[in-house]
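In the working numbering, the protein residues as written are 30 to 197. For reference, the structure is listed below as structure tokens.
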């Protein structure tokens, strides 16, 4: 039901955010949520911080805690997938189900098509390049990309008077 309600393109991003909150998502003020969110699991373990921006076609499995910090920006087609399987025997390689939380720090930006796997913490101020698969933690203020995602570079401090300077 949650997927159907928040998918409707007739709702404004702020109205959609209010609907998500009514369905059990922990949501701080000012978040903008665009249509076509697909919930694979429940919605009540998802937390979206103040000022977050959720672009179209988000896939999220909120059967464990998924925490998006303040001012997190998710590009179109991002997938937050905390559930996987242990390696099973030859008769069935997909073994026991394993679910681990996902945490995305304040001010992080995930480009289009990024996949974040369970047990990952993305540091505050990180940039994750489009199409990356994040399978391990990232340090704050770094750029990661690739499959699997790897460190591309560290971000230098932005001058405080720069209009693009993040507020933490």
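For every residue, glycine included, the Cβ atom is placed at its ideal position computed from N, Cα and C.
By Cβ distance below 7 Å, which residues in the same chain neighbour residue i in space, the five residues on each side in sequence not counted?
i           : result
residue 74  : 91, 92, 93, 94 and 95
residue 175 : 161
residue 38  : 64
residue 124 : 114, 115, 116 and 117
residue 53  : 72 and 73
My assumption, with CB atoms under 8 Å, is that residue i sits in contact with residue j. Please give the rounded CB distance.
i          : j          : result
residue 86 : residue 70 : Not a contact, Cβ separation roughly 17 Å.
residue 84 : residue 58 : About 19 Å; that fails the 8 Å criterion.
Quick one: grab the DSSP three-state call for residue i.
i           : result
residue 198 : Outside the shown range of the chain, which is 30 to 197, sits residue 198, and nothing can be said about it.
residue 87  : coil
residue 61  : strand
residue 51  : helix
residue 100 : coil
residue 46  : helix
residue 109 : strand
Whose C-beta lies closer than 6 Å to the C-beta of residue i among residues of the same chain, with five residues either side of it excluded?
i           : result
residue 80  : 59, 99 and 100
residue 76  : 55 and 96
residue 102 : 82 and 138
residue 164 : 146 and 177
So, is residue i buried or exposed, given that buried needs 16 or more other C-beta atoms within 10 angstroms?
i           : result
residue 167 : buried
residue 127 : exposed
residue 114 : exposed
residue 180 : exposed
residue 170 : buried
residue 109 : buried
residue 119 : exposed
Please work out which residues of its chain come closer than 8 Å, Cβ to Cβ, to residue i, disregarding the five sequence neighbours upstream and downstream, and give them in chain order.
i          : result
residue 50 : 56
residue 61 : 42, 43, 46, 81, 82 and 83
(message) If we require 3 or more residues per run, which beta strand (DSSP E) segments fall completely within the region 125-187?
(response) Listed in chain order, the complete beta strand (DSSP E) runs (minimum 3 residues) inside the region 125-187 are 131-133, 144-146, 171-174 and 179-183.
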